[in-house]
Structure formats: C-alpha cells, structure tokens
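Contents: one structure, followed by commentary.
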Amino acid sequence: MNRAIRATLFIIFVIALFYTAPRFLNNTLWASIHVSIAVEDIITKILIVVLPCLAYIYMYKRDINIRECLKPNKISIKQIVILVLMGFFIQPFAMLISSITSLFFENKVIEYMNAFVGIPFWLILISMAIMPAIMEEVMMRGIVLYESRDLGIKTAAILNGFLFGLLHRNFSQFFYAVVLGMLFVYIVRITNSLYSTIIIHFIINGTQVVLMQMMPVQNIIESNVIEDIALLQKISGIGFIAIICMICLPIFVYLIKVLIKVSKHKKRLNSEIV
C-alpha cells in the first residue's frame, strides 16, 4: 500500500475514534469513575491519539526511521524565540479565518470551552494546550508528513493541511486548521525539528486558554449564544481583526525569513521551498 494512503487511512481511523470512543467511555469507564472533565479529556486523548500512534509506529517499524519521522532535533535559543513570536503573530490571521467562517457555521470551540468552566487552570492548560500541541504534531507533522514525504513538499503540505482540518471535526476550525497545517509542514522543513511546530501550536492553544481564564464566567457562557449577536457586530469585529491581521501578517512573514536564515540546513531549503 502507498505510504501516503495508509497514513491518510490512519487519520480517518483516528477521526472515527473521536466520534465513537467518547460515547463508549461515557457508558463504561466514566460511569464508574468520577473525575473532572479535564481529566476525562486527557485520558480520552491518550486512548484515541497516543495509543494508535504507538500502534502505527510498531506495525510499520520496519518501514519507519523513528528519528527521521519524529525529528527530535535540537533547536537553538534564537530559533525558540522566533518560533514563540511566530505563534503570537499568526493568531490574528487564524482568528480572521475563524471569524469569517463563524458567519456560516456554529462555533463549536466556545461550546467545548464552556465545559471547562471552573476547572483549575493547570489542568485546562494540559488538556487544551500541552497535549494537543504534542500529540497532533507527532501525528500530523511526524507520522503523516514522514509517510507522505515522497509526494514532494507542496503536495505533502496540502495533504497534511487537509487532514489536519478534518481532524478538528468542525467547520468553524476546519479552514484555519488547513492553512496552519500546511504552514507547519514548511516550518518543520525549515527547522528540521518537530519541536518547532510543537512550540507554535502550544503558543496558539495556550493563548486561547489564558484568554478564557481572563474572561468572566458569565461572559464565556453568554458568548455561546451566537444568535444574539447582530450580523453587523460580527462584520465590524471581522473588520477590526482584519486590521490587526494586516499589521501582524507581514511581521510573521519576516519572522519566517529570519527563521530560514538561522536554520542550519538553508541550502537544502532553497531548493525545496522556493
């Protein structure tokens, strides 16, 4: 079987687990063990993502070079600083796409975040920022990117972005997840390290967690009532985000150029990315 096809089928299998496993766990494990929703979420993600990833690597261990697949290569302090800044400056662009899609699709993210109201900050940070950053990057920019490397960087990036969008399982996140997924492929190629996208991914998710904690509980709950927000208010909000995006996006592009310059394998990048 083609490696890219089997990786695609693997992601489809994981997505299917996200739809079926939680219901099964609710009727079995969580019916007998009472823990917070954050702990449930952490354990569920381990069962749905971590275990299948380990099983996949074990099944195809003869075909997979673990080090080349997971790219646990060190990155410099300078690269880390650049990556952290990139994580902040890309967020207005993601927010712009998300705001536009919210005009047409229900925002499932707010509904998901409402369930975590009252949960300790550190637990939410683990569940919504640390774990997704590590697990999703290992799965998407690790396994899937490794398996699709023969397609060429551009095709591999498109496939990776599309599957990353599907992995989020809702239209409110799909479109910006596709863009970020494609972008993350290039960043991994630039740094030759999976740590790079783990850092950016964590900054993006972690920022949302911090903002959620700063927002009063009542505001979080009321923000889920999308129907009460006038269309004009939504459009004006999109306009404001677009202005912020026009400021931040050029800075983000500049940071990518700086990241390429400080990366050690620049010669190979010039032939692959340009």
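Just so we're aligned, residue 55 is where the sequence shown starts under my numbering, counting upward by one. Ideal Cβ placement from N, Cα and C applies to all residues, glycine included.
- Inter-residue distance for I131 and V138 is about 11 Å (C-alpha atoms, whole angstroms).
- Restricting attention to Y308, H222, R195, the CA atom closest to the CA of L124 is found in R195.
- Taking the C-beta atoms as reference points, F229 is found nearer than 8 Å to T155.
- In the structure shown, D204 falls within a helical segment according to DSSP collapsed to helix, strand and coil.
- If you compare the alpha carbons of E94, S181, I69 with that of N80, the shortest gap goes to E94.
- Between A187 and F256, the C-beta spacing is below 8 Å.
- For the set I301, H88, K99, the Cα lying nearest the Cα of H222 is the one of K99.
- According to the DSSP assignment, H88 belongs to no alpha helix (DSSP H), since it is labelled neither H nor E.
- By the Cβ criterion, the segment 243-250 is not in contact with the segment 169-180, since fewer than three pairs of Cβ atoms, one from each stretch, lie closer than 8 Å.
- Taking all protein chains in view, the Cβ of P126 is surrounded by fewer than 16 other Cβ atoms within 10 Å, so the residue is classified as exposed.
- If the five residues before and after Q267 are omitted, its C-beta is found closer than 6 Å to the C-beta atoms of F175, all from its own chain and listed in chain order.
- With a 10 Å radius around the Cβ and a threshold of 16 neighbouring Cβ atoms, I144 comes out buried.
- Between the segment 158-167 and the segment 82-89 there are fewer than three inter-stretch CB-CB distances shorter than 8 Å, so the stretches are not counted as touching.
- One Cα belongs to G141, the other to Y112, and the distance between them is close to 32 Å.
- Around the C-beta of A231, 16 or more other C-beta atoms lie within 10 Å, and the residue is accordingly described as buried.
- When C-alpha distances from E165 are compared across C302, A58, Q227, the shortest belongs to Q227.
- The alpha-carbon of K315 is positioned some 37 Å away from that of N224.
- As for any beta strand (DSSP E) of minimum length 3 sitting wholly inside the segment 168-247, there is none.
- Of the residues P146, I91, F238, L220, the one whose Cα lies closest to the Cα of I207 is F238.
- A distance below 8 Å separates the beta carbons of F72 and I102.
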